[in-house]
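Below is one structure, written out as structure tokens, with a few remarks after it.
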Amino acid sequence: MSSFSNSISNSTKLEEQTDNSLPLSKNEVTQDYSEESKDDIVTPWNVTATSSTGIDYEKLIKRFGCNKVTEDLIVRFEKLTGHKAHPLLKRKIFFAHRDFNYILDLFEQHKPFYLYTGRGPSSGSLHLGHLIPFFFTKALQDAFKVPLIIQLTDDEKFLWKDLTLEDSKKLALQNIKDILS
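For the sequence shown, my numbering puts the final residue at 1189, and the numbers step up evenly by one.
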């Protein structure tokens, strides 16, 4: 499941990460049922559930300052835009948002806004996991008929990954070609 907060705002604060060169083998989903661990841990590198029932999405929504995507919100989107909601939204794959109700208010009032998403180029080509947010945000762009900004954070990858500035720029250029195609 995912949140589509990056489609409108990309200000989610990630937990402080001291090791900026985590290998892919560190990505894992674990369960920790110990008494001293009370909160699920969700970072770009690890997902750790503290309950035998798995991740508590309600707590995550609250922790990241999001709101749950409700059926009323989906109905309002469809009514205002005249577009069916994206299947990932209808099926609750995207289950949380930040300010989507505000975006609907702006749209209803015919006030300008834009959509924003991004990509941190760390590989030479995009895969399906990279494309899903782009497809979803493009569907929102079509429904709202507004500009879409895609930021490539090659500077972030240079600072946080073990990449040279030149390599980071090359990956960004390759990713731009993938996005445009």
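Every residue, glycine too, gets a C-beta built ideally from N, C-alpha and C.
On a predicted model such as this, the values are computed, not experimentally measured, just so you know.
Quiz item: Would a C-beta distance cut-off of 8 Å place Leu1179 and Ser1131 closer than the cut-off?
Solution: yes
Practice problem: Can you tell me the Cβ-Cβ gap for Gly1137 and Thr1161, rounded? I've got them flagged as a contact below 8 Å. | Solution: Not a contact, Cβ separation roughly 17 Å.
Quiz prompt | Thr1125 classed as buried or exposed, judged by whether at least 16 other C-beta atoms fall within 10 angstroms | solution = buried
Quiz item: Which value, in whole angstroms, describes the spacing of the CA atoms of Phe1142 and Phe1121?
Solution: 18 Å
Exercise. Kindly indicate the opening and closing residues of the beta strand (DSSP E) around His1210.
Key: Since the first residue shown for the chain is 1009 and the last is 1189, residue 1210 is missing from the structure and cannot be characterised.
Exercise. Just mark His1094 as buried or exposed, buried being the case when its beta carbon has 16 or more other beta carbons within 10 Å.
Key: buried
Quiz item: Which residues does DSSP pair with Lys1117 in a beta bridge?
Solution: For the sequence presented, residue 1117 should be read as Gln rather than Lys. In the DSSP output, where bridge partners are listed per residue, Gln1117 has none listed.
Quiz item: Which residue from Asn1075, Glu1116, Ala1057, Ile1158 puts its Cα closest to that of Thr1089?
Solution: Glu1116
Practice problem: Taking the CB atoms as reference points, tell me whether Leu1134 and Asn1054 lie closer together than 8 Å. | Solution: no
Quiz prompt | Alpha-carbon to alpha-carbon, Ile1049 and Phe1103 | solution = 18 Å
Quiz item: In this structure, what does DSSP give as the bridge partners for Leu1171?
Solution: Leu1171 pairs with nothing; no bridge assigned.
Quiz prompt | Classification of Thr1145 by the beta-carbon crowding that lies within 10 angstroms, buried from 16 upward | solution = buried
Quiz prompt | Best match in Asp1064, Ile1111, Val1077 for proximity to Ala1151 [C-alpha to C-alpha] | solution = Ile1111
Quiz item: In three-state terms, what does DSSP make of Leu1181?
Solution: helix
Self-check item: Per-residue DSSP class, three states only, for Thr1061
Solution: coil
Quiz prompt | DSSP beta-bridge partners of Gly1126 | solution = Gln1159
Quiz item: Using CA coordinates, which residue listed in Glu1164, Asp1175, Ile1158, Cys1074 is at the minimum distance from Asp1186?
Solution: Ile1158
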